[in-house]
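Yeah, the sequence shown ends on 1277 if you go by our numbering, and it's all consecutive.
Glycine included, each C-beta is placed from N, C-alpha and C at the ideal position.
In this text the structure is predicted, and so the values were computed from the model without any measurement.
The structure appears below as structure tokens.
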Amino acid sequence: MSAIKSSIADNLDEEFYQISPDILASFPRFRPPLNLFIFKESVAQIQLYKKAQERLDQAAQDELAALVAEGNIFVARSDHPIYAKHIAKQLDLVLVDKNLKEREIAEVFTVALTERLGEFFEQPVQVVFDLLYRDLMVLTEYLDSDRARIKALVRRLHREHSLPNHSFDSAIIGLWLLLRLGPKDLPRKTLDKAALALFLHDMGMCKIPAFIRDKPKPLTGDERQKVNQHPLLGAALAQKLNLRFDEITAAVMQHHERLDGSGYPQRSREADITPLGRICAVADSFCAMIAKRPFAEAKSLADAASELAGLTSRYDAKITTQLKNAILSEEWQFAAEEGPIA
Ligand SMILES: [Fe+2]
Ligand SMILES: [Fe+2]
């Protein structure tokens, strides 16, 4: 890159990022999904090169590929939501893209993993599970190389209730708690298993009839009883998918257990509830409280965390205090300061 080009590119970094040949290959070849910009060295400016959805013939595709290979093609950071939807199909590209900022990568993970969760809950079978698993392992690889990256994901919580949204939110909060409270040298393998378990803690819910699961009103007693079967249904599904490890049992079976024995399905108490089961219980309750439902408004993060921290007979106080302190401290002032990238 020439000196002038690199100094201009530095200035433009806030507004544009360069796209790599791998990323270009992930776009539909004939119609790029978003505006493409070209760096014109002669005038030292970035200009619109191809409009979104403009049809490209073979010659135009070849020219574009050559320009991308030379590092001359850019996309606008303001188009990131469109870009995120495309790259979400090939999540491994995120790890090799040097042009994305941490929060943009977090957005791609959010879109991708929520989509994979939705597909799996619709069709909870091995082949669909494998796709979810592959993408989850991209996330753990990304987090394993710098565990502070979880913070950018915490900023992307959905806050609107649906089973995939709730599963994503709970897993991210659960992972944040695990990375904060767990051993510093948590092995990658353990991180992988814990992440998978947290994302799938409610997978039994996909076996509950949709009219109960998505009911826009509070549940009746009978319906509640059915819903309360979901940890057991989840455990059966884990068996079917050959997921036989402690972390999955802890998350699936224990996230509704409470320290005082008031939970379900086994009314477990204190020492019977594992550390991951306790983390998952806090993450699950917190994410349910901060999500908007048709019949209930979302609580603020601070209110939800404070309420949980007050329930010391049910939830592990070490975990709820950690969550509350982080939210009340500056570290987590994300809700107000940074909305979704738009
Ligand atoms: Fe649950
Ligand atoms: Fe849950």
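Next item on the list: Give me the Cα-Cα distance between G1198 and Q1189, rounded to the nearest whole angstrom.
Entry: Taking the straight line from one Cα to the other gives about 9 Å.
Next item on the list: With a 10 Å radius around its C-beta and 16 neighbouring C-beta atoms as the bar for buried, classify F1044 as buried or exposed.
Entry: By the 10 Å Cβ count, F1044 comes out buried.
Next item on the list: Taking all protein chains shown into account, decide if N1177 is buried (16 or more other Cβ within 10 angstroms of its Cβ) or exposed.
Entry: With a threshold of 16 other beta carbon atoms within 10 Å, N1177 falls short and is exposed.
Notebook entry, point to check: Among A1132, E1205, I958, A1252, which one has its Cα closest to the Cα of L1028?
Noted result: Minimum Cα distance to L1028 is reached at I958.
Check: Got a sec, what are the start and stop residues for the beta strand (DSSP E) I1225 sits in?
Finding: First-last for I1225: undefined, no H or E at that position.
Check: Leaving out the 5 sequence neighbours to the left and right, which residues in its chain are closer than 7 Å to F951 when beta-carbon positions are compared?
Finding: Contacts found: F972, I981, F1009, V1010, A1011, R1012.
Note to self: Is any non-hydrogen atom of ligand 1 found closer than 7 Å to the C-beta of D1104, if you look at the structure I gave you?
What the structure shows: Outside the cutoff, so no.
Checklist line | Outcome for D1065 when other beta-carbon atoms lying within 10 angstroms are tallied against a minimum of 16 | finding: An exposed status is given to D1065, since fewer than 16 other beta-carbon atoms sit within 10 Å of its beta-carbon.
Notebook entry, point to check: Which residues have a Cβ closer than 7 Å to any heavy atom of ligand 1, listed in chain order?
Noted result: For ligand 1, residues qualifying as neighbours are H1136, D1137, M1140, H1165, P1166, H1190, H1191, D1219, where qualification means a beta carbon closer than 7 Å to at least one of its heavy atoms (chain order).
Checklist line | Cross-strand partners of Q980 (DSSP beta bridge) | finding: The partner list for Q980 (beta bridge, DSSP) reads K975.
Margin query: Taking 6 Å as the limit between beta carbons, can you name the residues of its chain near R1228, skipping five residues before and five after?
Written below: Non-local C-beta neighbours of R1228 in its own chain, meaning closer than 6 Å and more than five positions away in sequence, comprise H1096, ordered along the chain.
Margin query: I need the straight-line Cα distance from G1053 to K1142, nearest angstrom please.
Written below: If I take the Cα positions, the gap works out to 13 Å.
Item checked: R1123 versus I1254: straight-line alpha-carbon distance, rounded -> Approximately 22 Å between the Cα atoms of the pair.
Notebook entry, point to check: What is the DSSP secondary structure of I1208, counted as helix, strand or coil?
Noted result: Coil at I1208, not helix or strand.
Note to self: P1153 and F1230 - do their beta-carbons sit closer together than 8 Å?
What the structure shows: Their beta carbons are under 8 Å apart, which means F1230 touches P1153 by this criterion.
Notebook entry, point to check: Is the stretch 1245-1261 close to the stretch 1101-1119, with three or more CB pairs under 8 Å?
Noted result: Between the stretch 1245-1261 and the stretch 1101-1119 there are three or more C-beta pairs closer than 8 Å, enough to call the two in contact.
Item checked: Option in R1038, V1062, M1072, A1019 with minimal Cα separation from A1047 -> Comparing Cα positions, the closest option is A1019.
Next item on the list: Sort A1173, A979, R1090, L1078 by Cα distance to P1059 and report the nearest one.
Entry: For P1059, the nearest C-alpha among the options comes from A1173.
Note to self: Rounded to the nearest angstrom, what separates N1100 and M1140 at their Cα positions?
What the structure shows: If I take the Cα positions, the gap works out to 13 Å.
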